[in-house]
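Comments concern the structure below.
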Amino acid sequence: MPRYFPALVSGLMLITHIAHADELRDRANAIFQPVPDQVTEVRGQTVNKDQVILGHKLWFDPRLSSSHVISCNSCHNLSIGGSDNVPTSIGHGWQKGPRNSPTVLNAVFNAAQFWDGRAKDLQEQAKGPVQASVEMNSTPERVEATLKSIPAYVSEFKKAFPGDKEPVSFDNMAYALEAFEVSLTTPNSPFDRFLKGDDKALDAQQKEGLALFMDAGCIACHNGVNVGGQGYFPFGVIKKPGAEILPEGDKGRFAVTQTANDEYVFRAAPLRNVALTPPYFHSGEVWDLEQAVAIMGDSQLGRQLKGDEVKAITAFLHSLTGDQPQVAYPTLPASTANTPKPE
């Protein structure tokens, strides 16, 4: 055997590997997009930095709740993937919410908010939990009275909303929270680096999982920047899961549209950082990501995924974990004698 032959074979294998990676990347780039380093506009308007600073404080302020106990971060903890890692969140008076808390990370890329899409954007979404009796149990009037009772907040609202006659308002609270949430993106995941040309960003199993994810049909619901979050689909296209995973009493988007075709229809879950946010599905009854993948194959695709296929797809999903937002815990302005007392 000529001494150059092994080197020739090795070179041919490298060329084949590169060609395969390029083909896989080209296919993936036609379906997905990397998470941008930052979002600077929402609905065509530049994100206001003063609103971001204010929204950062409001995010952690439990006085937006009537009990002075629950903040936005209670159910969307930024240190554990932007959710709370329990089946359903604990709200006012230790009540349990009806659905698993979705992550707020990269939520700006979703077509709509909540599992049933009842809020068209983050500004509208921010108003819901504050008023929900099972969550923060407050009212617009109480929130405004609380914020107006704190001079430092009054000054910050004036700075963030300089053109408003009444800068301290429930609507502006929601705008500030939205501005802060827009900053909660997770770029630079291994998958993003692969999409941008780094062949080594994914290992062999993750590349196999990506190919399976596309070939098996997962991309019908999970695509785009957020690998989901863009459309509504029945949970159980082929086969409905059992009642422990798909509770019969929660009919999903039907509660919003009152249309029979929307029974048990939910917004496709965005899969960015999914490895950080167990338990899974709107019911929060599945703790293991491999189990969730197997259930989706059976229920949505009508395909019994083999064990090695489940592991490969799960390995790919782990590659969707990006750089987490580095958010400092803020020092909040003190209450005054006029601040409504907790209930």
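Take the sequence shown: its position 191, counting from 1, is numbered 191 in my numbering, and each next residue is one higher. Backbone N, C-alpha and C fix where the C-beta goes; we use that ideal spot for every residue, glycine too.
*Write down the C-beta distance between residue 253 and residue 232 rounded to the nearest angstrom, noting that I regard them as a contact closer than 8 angstroms.*
A Cβ-Cβ separation of about 6 angstroms places residue 253 in contact with residue 232 under the 8 angstroms criterion.
_Pull the bridge partners of residue 233 from the DSSP assignment, please._
Residue 233 pairs with 266.
*Residues in its own chain within less than 7 angstroms of residue 159 by CB, not counting five upstream and five downstream?*
Within the same chain, residue 159 has close Cβ partners 50.
*For residue 179 and residue 48, the rounded distance between their alpha carbons*: Residue 48 and residue 179 have their C-alpha atoms roughly 7 angstroms apart.
*Apart from the five residues just before and just after residue 21, which ones in its own chain have a Cβ nearer than 6 angstroms to its Cβ?*
Closer than 6 angstroms at Cβ, skipping near neighbours: 199.
*asked:* Looking only at its chain, what residues have a beta carbon closer than 6 angstroms to the beta carbon of residue 347, apart from the 5 residues adjacent to it on each side?
replied: Examination of residue 347 is not possible in this model, given that the chain is present from 1 through 343 alone.
*Element boundaries [alpha helix (DSSP H), containing residue 172]*: Where residue 172 is concerned, the enclosing alpha helix (DSSP H) stretches over 170 to 182.
*Using CA coordinates, which residue listed in 183, 248 and 58 is at the minimum distance from residue 37?*
Of the listed residues, the one whose Cα sits closest to residue 37 is 183.
*Assuming residue 209 contacts residue 111 under a Cβ cut-off of 8 angstroms, what Cβ separation, rounded to an integer in Å, is found between them?*
That pair is no contact at about 25 angstroms.
*asked:* Contact criterion: CB-CB distance below 7 angstroms. Does residue 81 meet it with respect to chain C?
replied: Structure shown: chain C not included; a single protein chain is present.
*Taking the Cβ atom as the reference point for each residue, do residue 115 and residue 267 lie within a distance shorter than 7 angstroms?*
Yes; because the gap between Cβ atoms is below 7 angstroms, this pair is in contact.
*Report the three-state DSSP secondary structure of residue 114 (helix, strand or coil).*
Here DSSP, grouped into helix, strand and coil, assigns residue 114 to coil.
*Which word fits residue 122, buried or exposed, when buried means at least 16 other C-beta atoms lie within 10 angstroms of its C-beta?*
That one is buried.
*Going by the CB atoms, is the gap between residue 206 and residue 315 shorter than 7 angstroms?*
It is a contact, given that the beta carbons lie within the stated cut-off.
*Which same chain residues, not among the five before or five after residue 413, have their C-beta less than 6 angstroms away from its C-beta?*
Shown here, the chain extends from 1 to 343; a query on residue 413 therefore has no answer.
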